[in-house]
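Asks:
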Amino acid sequence: MTVAKAMQRIMARAPMRSNGFGKNDRLAALRRVASRYAVAITPAVAEMIDASDPHDPIARQFLPDARELEARPEENADPIGDDVHSPVDGVVHRYPDRVLLKLVNACAVYCRFCFRREMVGPGRGGLSPSALRAALDYIAHNPQIWEVILTGGDPLVLSPRRLKDVVARLAAIDHVKIIRVHTRVPVVAPERVSPALVRALRTDKATFVVLHANHPRELTSEARIACARFIDAGIPMLAQSVLLRGVNDDVETLGALMRALVECRIKPYYLHHADLAPGTAHLRTTIAEGQALMRALHGRYSGLCQPAYVLDIPGGFGKSPIGPNYLSADCSEIEDFRGRRHSYPPRSGEP
Ligand SMILES: *Cc1c(COP(=O)(O)O)cnc(C)c1O
Ligand code: SF4
4 MTVAKAMQRI MARAPMRSNG FGKNDRLAAL RRVASRYAVA ITPAVAEMID ASDPHDPIAR
64 QFLPDARELE ARPEENADPI GDDVHSPVDG VVHRYPDRVL LKLVNACAVY CRFCFRREMV
124 GPGRGGLSPS ALRAALDYIA HNPQIWEVIL TGGDPLVLSP RRLKDVVARL AAIDHVKIIR
184 VHTRVPVVAP ERVSPALVRA LRTDKATFVV LHANHPRELT SEARIACARF IDAGIPMLAQ
244 SVLLRGVNDD VETLGALMRA LVECRIKPYY LHHADLAPGT AHLRTTIAEG QALMRALHGR
304 YSGLCQPAYV LDIPGGFGKS PIGPNYLSAD CSEIEDFRGR RHSYPPRSGE P
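In terms of the working numbering, the sequence shown opens at residue 4 and continues consecutively.
1. CA-CA distance, Val42 and Phe65?
2. Output the distance between the C-alpha atoms of Arg20 and Arg70, rounded to the nearest integer angstrom.
3. For Arg127, which residues in the same chain have their Cβ closer than 7 Å to its Cβ, ignoring the five residues on either side in sequence?
4. Excluding the five sequence neighbours on either side, which residues of its own chain have a C-beta within less than 6 Å of the C-beta of Gly319, listed in chain order?
5. To the nearest angstrom, how far is it from the Cα of Lys26 to the Cα of Arg136?
6. Let's see if you can read the secondary structure: which residues bound the alpha helix (DSSP H) around Ser38?
7. Kindly identify the DSSP beta-bridge partner or partners of Thr289.
8. Can you check which of these residues, Val102, Arg350, Asn79 and Trp149, is closest to Arg119 by C-alpha distance?
9. I'd like the list of long-range same chain contacts for Ala134, defined as Cβ closer than 8 Å, with 5 residues on each side in sequence excluded.
10. Roughly how many angstroms separate the alpha carbons of Arg16 and Glu121, rounded to a whole number?
11. Does the distance from the CB of Val123 to the CB of Leu72 come in under 9 Å?
12. For Val123, name the three-state secondary structure that DSSP assigns.
13. What are the partner residues of Lys322, as DSSP defines its beta bridges?
14. What residues in its chain sit with their C-beta under 7 Å from that of Val141, if we drop five residues either side in the sequence?
15. Would Val201 and Ala175 qualify as a contact pair, given that the criterion is a beta-carbon distance under 9 Å?
16. With a floor of 4 residues, list each alpha helix (DSSP H) that falls wholly inside the stretch 149–198, ordered by position along the chain.
17. Quick one: does the C-beta of Asp315 sit closer than 8 Å to a heavy atom of ligand 1?
18. Beta-carbon within less than 7 Å of Leu279's beta-carbon, same chain only, minus the 5 sequence neighbours each way: which residues are those?
19. Would you say the beta carbon of Asp85 is closer than 8 Å to some non-hydrogen atom of ligand 1?
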């Protein structure tokens, strides 16, 4: 199913807005969205969408919505401040011991809530060979860089040959001990995870693949097989999810997502509070709602199923955990998983 066809099917069933706009107005609005922000879905994603459900959580993540044209004052084109920390093209160096290396600006799909939505899109190109050389030089000349995170865009849209070249050049830098790949490909285009692609990532350095997945239905049997290929090859996997209104903002869905990941041997790493990207308010929860969900998750699911709930601070100050907090400010009282409070004794004597 093509994007256009998937959209037609969804729209045919979606209830009209009460403001009296008809189908033609809505189509015109969607065309405006598509000319402003990149739109793409893959055959695997089209398969996942239940076109009979006007609130389908997969469709909500990938099919454009007229509300994307409504930017709020608190929203920002560079919501996490990548630009302020970019020493050379393609590199974001915010934390001393690790950098992002953005090889491509294209993805297999374009998530409607993307924090880099103003930068990513088809034909936006990637790093030229000379820019890549400059980026690798920067990494080589900064010995405090212990870890390099390939992100984008989605680095796994590159061919195995190009990936192998970059990964080998990174692995040759002595002080780079960890290579991390952030990707949505195993879920949205699992057929790309070929034995050649897995081999391209293998070096004598420790490599981690961090999967972006937001709904348990994204873990199809094809996606599970793709992930198993990495893990069986000695590449451990973590997952990051974005908390999204109407997609995973109830404890049953969030818990099912975390369990599905753990069942695939993927450790949930971060639950991101949705960033203040323009036109994404309809997909964002409040932080208080996120904390209540984390509390419920902690109360009901295995420790393996607990990601850290984090906020990327607007302005480029990095990510911080945002609770919830179980300990009172003076450390004298602690709450258990059932919500009961217990006192904790002060330390006696000298430290
Ligand atoms: C998120 C991010 C990282 C990775 O942070 P971790 O907490 O190690 O996952 C690194 N650099 C930048 C600029 C980031 O935004
Ligand atoms: S795959 Fe990542 S970078 Fe690409 S659109 Fe989705 S969130 Fe943005």
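No residue lacks a Cβ here, since even glycine has one placed at the ideal position from N, Cα and C.
Replies: According to the data block:
1. 7 Å
2. Per-residue confidence for Arg20 stands at a pLDDT of 44, beneath the threshold of 50, marking its modelled position as unreliable; the derived number appears in the next sentence. Cα-Cα distance, rounded: 11 Å.
3. Asn108 and Ala109
4. Gly84, Val87 and His88
5. 50 Å
6. Lys26 to Arg39
7. None, per the DSSP bridge assignment.
8. Asn79
9. Val91, Asp92 and Gly93
10. Confidence at Arg16 is low in this model, with a pLDDT of 49, below 50, so its placement is unreliable and no value can be given for it.
11. no
12. coil
13. Asp315
14. According to the sequence displayed, residue 141 carries Tyr and not Val. Hits under 7 Å: Pro90, Val91 and Val94.
15. no
16. 163–174 and 188–191
17. yes
18. Glu77, Glu78, Asn79, Pro82 and Pro317
19. yes
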